[in-house]
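Chain order of the listed sequences is A and B.
Residue numbering for the first sequence follows full-length UniProt numbering, starting at 1 and increasing by one per position.
Residue numbering for the second sequence follows full-length UniProt numbering, starting at 1 and increasing by one per position.
There are 2 protein chains.
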Amino acid sequence: MSNLKAVAEHSKVSIATVSRVINNDPKVSRETVLKVQASIAALEYKPNRVAQRLRSSNSKTKLLGLIIPDIQNPFFVDVVRGVEDYAYQNNFAVMIGNFGQDEKKEKLYLDIFQSENIDGLIVAPIHGKDKGIENLVKKNIPVVCIDRGLTEIDVDVVKVDNELGAFNAIDHLLNMGHKRIAFISGNFKIPTYIERMSGYKKALEKHGVPFDESLVFARNTDYKSGFEIAQKILELEQRPTAIFSGNNLLTLGALEAIHAENIKIPEEISIIGFDDMPWSISLNPPLTAVRQPGFDMGRKAAEMLYERIANPGKKKENVILKTELMLRKSTTRIE
Amino acid sequence: MSNLKAVAEHSKVSIATVSRVINNDPKVSRETVLKVQASIAALEYKPNRVAQRLRSSNSKTKLLGLIIPDIQNPFFVDVVRGVEDYAYQNNFAVMIGNFGQDEKKEKLYLDIFQSENIDGLIVAPIHGKDKGIENLVKKNIPVVCIDRGLTEIDVDVVKVDNELGAFNAIDHLLNMGHKRIAFISGNFKIPTYIERMSGYKKALEKHGVPFDESLVFARNTDYKSGFEIAQKILELEQRPTAIFSGNNLLTLGALEAIHAENIKIPEEISIIGFDDMPWSISLNPPLTAVRQPGFDMGRKAAEMLYERIANPGKKKENVILKTELMLRKSTTRIE
DNA sequence: CTGAAAGCGCTTACAG
DNA sequence: CTGAAAGCGCTTACAG
């Protein structure tokens, strides 16, 4: 790879001037700019981003870190796509870390990303009191939280109205006559699930249905948990007439368990999932689901990060997007 | 963040010595090592990876680039997980670029990653004669191709036996009496699909069924293409009795089109997909599919890249993994 | 408007 | 075994 020095020699100016041309310094004369640009083109020069990043933190070519809980979850894939879409348009590079809800792994990525001098971070914190992320925020490294916020500290966040999303789903089930509604949740250390739980309870309240703790199951957020919890639910003496599952992967796991028992959806049990998937319509049966705008969330987070980098002092923002209940065929009215 | 200088002052040695301790230089005396390590711990010093990378290309803390065609395709998500799993264990960081089968985007990522001084690259080339990647290989930047190789140049690759995978699927369909089998393929610029096509043809040959070009459809590799092509297929005057779809997303799109027309699978049409998904069993009906070991491919590619970095002169390898036909319920025998 | 020089945080011959 | 110094490829005050 050619470097500044080569370009400088080729166009017979100093490396300082070449650097200024690259950075669009308006003080450089038009003539010089042209000359240098010709050399850059001739030598196919590309600035070394590593050197740029080492030298200064406000060059145009940023490096973003993106840390997500589970890339197997299609919702986070949408988030990644959104972030990446914005990054691509703005000539950013993005480093991705997938921590699988493993706290040690999240911490390692935090360390690595800092060592890589990232210009900013988008992260779905493992829980609300994540010290590692708090520290970054305190150090004034630009951070935007996605899907989940932080409880102890003020930070930019973009998420969805989880409470309302869950409320609408449960409300719909209750309107159809269901009273025993199981909730397959993720771990309640994750703020998202606390909020979804709260929506669940509020809907019950509205309909005067007493809350039954034995109907709530919280474990991990993966496929296997969904499968195993659903198995347990199906064995319950007084089987619930409906299931509300807390995320994509839990839903898919639950579906497998239900199908394995040859139980008919929705005739024998109704199910609504939090998170929609492009192929929800091809599931058996087409799945009624709470849609989150993952792509938009990702894009918005990247945009907010961009603004935070440009203007570190600006007031922290809290963006809450809407969910949408996608009615399909996995629920039915009961008497 | 503290730096070498701070540690050096704290332990009263030179920065050179601190650097040697970090890099496990055996020449440093045991006593000094202990002293310096204490300072490193006290100051919570973490080496700056950017400076390391700028200074030298053979430090332990590598940066890997990973460029994939479509992160919405669960197969590539598995690949990402595999790569990331290996990287995590070896303290590598990985940058991901998702190019969506867009050649310009692939090229931009190639440029950015080079500017970021990556230590090596894992990539699924957009087509077999990808000049950009050829150039990297020629420059002796470690590259491992995944899922697809390069035709003009010798390069490490890990992929699957696509021809055999497709052959087995079509053979299965032919054994069940199907003769008109439509093939929903991705673009034939992509080597993977050329190979799958070849397996399709060989199976027909084996059974003495003449090849009918009008049954082969190749467009993009996304959900929408699968949907639209399937619509066309269903409108065909003499409708095929079976569909073989070339990847996950094409399959899911095709399923949506079939369900939208209320056509029963497998009674009215059989379907086999290339690529399996964890939730294939929950599709309507449970999908018969050709399974590729995406996670293993990713891990293997990362491992090979690691070896290539350690030993740039070593002979190029061509690893071919096996597929497995997962028999479920989306195909049926016809008379 | 342009150049010489310092410096970002490291590593690595070279010398002792 | 250890340190002083050069240098990786840049940016940016400072001077003119």
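Beta carbons: idealized from backbone N, C-alpha and C, even for Gly.
Everything numeric in this text was worked out from a predicted model, so none of it was measured.
State buried or exposed for residue i, treating a residue as buried only when at least 16 other CB atoms are found within 10 Å of its CB.
| i | result |
| --- | --- |
| A/Gly313 | exposed |
| B/Gly120 | buried |
| A/Thr151 | exposed |
| A/Asp130 | buried |
| A/Met1 | exposed |
| B/Pro191 | buried |
| B/Pro26 | exposed |
| A/Ser56 | exposed |
| A/Ala38 | exposed |
| A/Glu324 | exposed |
| B/Gly65 | buried |
| A/Ala257 | buried |
| B/Asp147 | buried |
| A/Glu267 | exposed |
| A/Leu34 | exposed |
| A/Pro142 | buried |
| A/Asp275 | buried |
| B/Gly177 | exposed |
| A/Pro293 | buried |
| A/Asp212 | exposed |
| B/Leu287 | buried |
| residue 351 of chain B | No information on residue 351 of chain B is available, as it lies outside the stretch 1 to 335 that chain B covers here. |
For residue i, report the span of its beta strand (DSSP E) as first-last.
| i | result |
| --- | --- |
| residue 375 of chain A | This structure cannot settle anything about residue 375 of chain A, because the visible part of chain A is limited to 1 through 335. |
| B/Gly253 | Per DSSP, B/Gly253 belongs to no beta strand (DSSP E); it is in the alpha helix (DSSP H), Asn248 to Ala260. |
| B/Ile229 | Per DSSP, B/Ile229 belongs to no beta strand (DSSP E); it is in the alpha helix (DSSP H), Tyr223 to Glu235. |
| B/Ile67 | Leu63 to Ile68 |
| A/Gly186 | Ile181 to Gly186 |
| B/Gly313 | Taken as a continuous stretch (DSSP letters only), B/Gly313 belongs to no beta strand (DSSP E), as it is neither H nor E. |
| A/Leu121 | Gly120 to Val123 |
Who does residue i pair with in a DSSP beta bridge?
| i | result |
| --- | --- |
| A/Phe76 | In the DSSP output, where bridge partners are listed per residue, A/Phe76 has none listed. |
| A/Glu268 | None; A/Glu268 has no bridge partner. |
| A/Thr288 | A/Ile272 |
| B/Ile146 | B/Val158 |
| B/Met326 | B/Ala289 |
| A/Ile320 | A/Lys159 |
| A/Val216 | A/Phe183 |
| A/Leu4 | In DSSP, A/Leu4 forms no bridge with anything. |
| A/Leu283 | B/Leu283 |
Which residue marks the beginning of the alpha helix (DSSP H) containing residue i, and which one marks its end?
| i | result |
| --- | --- |
| A/Arg308 | Gly294 to Ala310 |
| A/Asp171 | Asn162 to Asn175 |
| A/Ala242 | Element bounds for A/Ala242: not the alpha helix (DSSP H) but the beta strand (DSSP E), Ala242 to Ser245. |
| A/Asp111 | Glu103 to Ser115 |
| A/Glu205 | Pro191 to Lys206 |
| A/Asn135 | Lys131 to Lys138 |
| A/Ser39 | Arg30 to Leu43 |
| B/Val50 | Arg49 to Arg55 |
| B/Val18 | Ile15 to Ile22 |
Determine the closest residue to residue i out of the options, with distance taken between C-alpha atoms.
| i | options | result |
| --- | --- | --- |
| B/Ala230 | B/Ala260, B/Pro210 and B/Met95 | B/Ala260 |
| A/Ser29 | A/Ser39, A/Thr17 and A/Asp171 | A/Thr17 |
| A/Thr221 | A/Phe75, A/Gln52 and A/Lys5 | A/Phe75 |
| B/Val79 | B/Val143, B/Lys202, B/Gly298 and B/Leu327 | B/Gly298 |
| B/Lys62 | B/Gln89, B/Asp154 and B/Lys138 | B/Gln89 |
| B/Glu31 | B/Lys12, B/Tyr45, B/Lys46 and B/Ala42 | B/Lys12 |
| A/Ser330 | A/Gly82, A/Val290, A/Cys145 and A/Ile40 | A/Val290 |
| B/Leu173 | B/Gly97, B/Val50 and B/Gly273 | B/Gly273 |
| B/Val157 | B/Arg328, B/Val7, B/Arg333 and B/Ala302 | B/Ala302 |
| A/Glu237 | A/Val160, A/Ser214 and A/Leu250 | A/Ser214 |
| B/Gly199 | B/Gly177, B/Lys224 and B/Asp161 | B/Asp161 |
| B/Phe227 | B/Ala124, B/Leu250, B/Asn48 and B/Asn168 | B/Leu250 |
| B/Ser270 | B/Phe183, B/Glu205 and B/Lys206 | B/Phe183 |
| A/Asp102 | A/Phe113, A/Ile68, A/Ile112 and A/Arg81 | A/Ile68 |
| A/Lys316 | A/Leu54, A/Asn140 and A/Phe99 | A/Asn140 |
What I want to know is whether the C-beta of residue i ends up closer than 6 Å to one or more non-hydrogen atoms of the ligand NAD.
| i | result |
| --- | --- |
| B/Glu205 | The ligand NAD is not part of this structure, which contains no ligands at all. |
Residues within the segment 246-257 of chain A neighbouring chain B, beta-carbon criterion of under 7 Å: Leu252, Leu255 and Glu256
Residues of the segment 107-119 of chain A whose Cβ lies closer than 9 Å to any Cβ of chain B, in chain order: Listed in chain order, the positions of the segment 107-119 of chain A with a beta carbon within less than 9 Å of a beta carbon of chain B are Leu108, Tyr109, Asp111, Ile112, Phe113, Gln114, Ser115, Glu116 and Asn117.
Interface residues of the segment 83-94 of chain A facing chain B [CB-CB below 8 Å]: Residues Glu84, Tyr88, Asn91, Ala93 and Val94.
Residues in the UniProt domain "HTH lacI-type" (2-56) of chain B having any Cβ partner in chain A nearer than 9 Å: Lys46, Pro47, Asn48, Arg49, Val50, Ala51, Gln52, Arg53 and Leu54
Contact residues within the segment 189-220 of chain B, judged by C-beta distance below 7 Å to chain A: none
Where the segment 282-297 of chain B meets chain A: residues whose CB sits under 8 Å from a CB there: Ser282, Leu283, Asn284, Pro285 and Pro286
Near-chain B residues of the segment 259-282 of chain A (beta-carbon distance less than 7 Å), N- to C-terminal order: The residues in question are His259, Pro278, Trp279, Ile281 and Ser282.
Residues within the segment 62-86 of chain B neighbouring chain A, beta-carbon criterion of under 7 Å: Ile71, Gln72, Val77, Val80, Arg81 and Glu84
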